[in-house]
Amino acid sequence: MQTELSSLVSADTFEIDSNTYSLEPFIADRWESITEILSRAASFGDASFNEWAVGVLASELSTDNLPLLYCEQHLALTDYDYAVRVDESNIKPPLDVLRDWDTLHNWIVVQYQDDEGRTQYVTPDDDANLKDATSITDWGQRDHILRAGHATTAVATNLGRRYLAAHKNPQWHMKAPIKVKGYIRGKSGNRIPSSEIRAGKRIKIENFLNDLSGTGLTFLVTKTDYSDRDEVCAIQTGTPDDLAVYLAQKELVDERLLAA
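Residue numbers (our numbering): 212 to 471.
As structure tokens, then:
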């Protein structure tokens, strides 16, 4: 993999963190691109079931003027960098937030292929950590089958626990980008020009009506689109889930193979 990447990204590795989690054996399925392989590896998270991300940063940050590869754990949403209120004058309506029930799963079965190519399963009956009793009590049992591809029992179980940790409760989502004109407030109350809002930061909605905890809703900024003409920045939010993307792509490929 390092040889394949040598002409595409920087040799610098200071933005590549290690989560010390071993994926061996890790097998590339069919003719996967380098992007797909790296995203799939990141989708397994770490041994503590945290979500990780992989991507490239601007070439100006590297010592050899090539795009800089990074690998890091997603920022915790217990803190934030930007703040908005639904009634602020610099927020362009609408500001629509919804709760997603379709991705709520709390009883996980993982299907995988062992080193001999045989289909195996690991369920909550094998490992109780693949279900969440509190979520089942609160929302009812919601089963889900993950198809992990080639994996060991340990890796498949870790994958299931990582998925459970991310999906055991209903998630809040923005129906559309948050649009701010002129500036956005920083955590300390300082005004940050809307042109300087960056992906990878966290944004908190301080006074959303349905936030019963009173602490606000915090999202990861995944993309920004700034218009210099009207000084408006459209902020897309939500934690990118490489695991969900990989599983969806695998389901599509499997369906096409069955239809062939």
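Yeah, the Cβ is synthetic: ideal placement off N, Cα and C, and Gly gets one too.
Under the three-state reduction of DSSP, which class applies to SER217: helix, strand or coil?
Residue 217 sits at position 6 when you count from the first residue of the sequence shown. Reduced to three states, the DSSP call for SER217 is coil.
Under a three-way DSSP split, which group does VAL366 fall into?
Taking the first residue of the sequence shown as 1, we reach residue 366 at position 155. VAL366: helix per DSSP, three-state reduction.
Thinking just about the alpha-carbon of each residue, which of THR224, TRP263 and ILE238 is nearest to the one in ASN230?
Position 19 of the sequence shown holds residue 230. Closest by alpha carbon: TRP263.
Separation of GLN331 from GLN322, as counted between CA atoms:
Residue mapping note: residue 322 aligns to position 111 of the sequence shown, counting from 1. Residue mapping note: residue 331 aligns to position 120 of the sequence shown, counting from 1. GLN322 and GLN331: Cα-Cα distance of roughly 6 angstroms.
Measuring CA to CA, which of PRO404, THR433, PHE419 and VAL432 is closest to VAL443?
Position 232 of the sequence shown, counting from 1, holds the residue named residue 443. It is PRO404.
Relative to the C-alpha of GLU235, which candidate in THR364, ASN317, ALA294 and ARG296 has its C-alpha closest?
Against the sequence shown, residue 235 aligns to sequence position 24. Minimum Cα distance to GLU235 is reached at THR364.
Give me the Cβ distance between GLY371 and VAL333, rounded to the nearest whole Å; I'm assuming they're in contact under 8 angstroms.
Numbered from 1 along the sequence shown, position 160 holds the residue referred to as residue 371. Numbered from 1 along the sequence shown, position 122 holds the residue referred to as residue 333. Yes, they are in contact, since the Cβ atoms of GLY371 and VAL333 sit about 7 angstroms apart, within 8 angstroms.
Using 8 angstroms as the threshold, is the segment 348–356 in touch with the segment 410–419, meaning 3 or more CB pairs across them?
no
Residue range of the unbroken alpha helix (DSSP H) whose run includes ARG396
As a position in the sequence shown, residue 396 is number 185, starting the count at 1. Looking at the DSSP string, ARG396 is not in any alpha helix (DSSP H); the run it does join, the beta strand (DSSP E), is 394–397.
List the whole-angstrom C-beta distance separating THR448 from ILE395, where the pair is believed to meet the contact cut-off of C-beta under 8 angstroms.
Stepping through the sequence shown from its first residue, residue 448 is reached at position 237. Stepping through the sequence shown from its first residue, residue 395 is reached at position 184. Between ILE395 and THR448 the Cβ distance is about 13 angstroms, and since that is not below 8 angstroms, they are no contact.
Identify every residue that forms a DSSP beta bridge with LYS342.
For the purposes of this step, residue 342 is identified with residue 131 of the sequence shown, where counting begins at 1. The partner list for LYS342 (beta bridge, DSSP) reads TRP318.
Within the same chain, show all residues whose beta-carbon is closer than 6 angstroms to that of ALA445, passing over the 5 residues directly before and after it, in chain order.
Indexing the sequence shown from 1 puts residue 445 at position 234. Counting only Cβ-Cβ distances below 6 angstroms, and skipping sequence neighbours, we find PRO388, LYS390 and ASP436.
By the 10 Å Cβ neighbour count, where 16 or more other Cβ atoms means buried, how is ASN276 classified, buried or exposed?
Your numbering for residue 276 matches position 65 in the sequence shown. Its Cβ having fewer than 16 others within 10 Å, ASN276 is exposed.
Does the distance from the CB of ASP326 to the CB of LEU375 come in under 8 angstroms?
Within the sequence shown, the letter at position 115 stands for residue 326. Within the sequence shown, the letter at position 164 stands for residue 375. For ASP326 and LEU375, no; Cβs fall outside 8 angstroms.
May I have the straight-line CA-CA distance separating ALA222 from GLY256, to the nearest angstrom?
By 1-based counting over the sequence shown, the position of residue 222 is 11. By 1-based counting over the sequence shown, the position of residue 256 is 45. About 24 angstroms.
What is the rounded straight-line gap between the Cα of ALA367 and the Cα of TRP318?
Along the sequence shown, read from residue 1 onward, the residue named residue 367 stands at position 156. Along the sequence shown, read from residue 1 onward, the residue named residue 318 stands at position 107. Near 14 angstroms, if we compare the C-alpha coordinates of TRP318 and ALA367.
Between TYR281 and GLU226, how many whole angstroms is the CB-CB distance? I'm expecting something under 8 angstroms.
As a position in the sequence shown, residue 281 is number 70, starting the count at 1. As a position in the sequence shown, residue 226 is number 15, starting the count at 1. Sure, about 4 angstroms apart at Cβ, within 8 angstroms.
Length of the line joining the Cα atoms of GLY400 and ILE245
For this step, residue 400 is matched to residue 189 along the sequence shown. For this step, residue 245 is matched to residue 34 along the sequence shown. Their Cα atoms are separated by approximately 42 angstroms.
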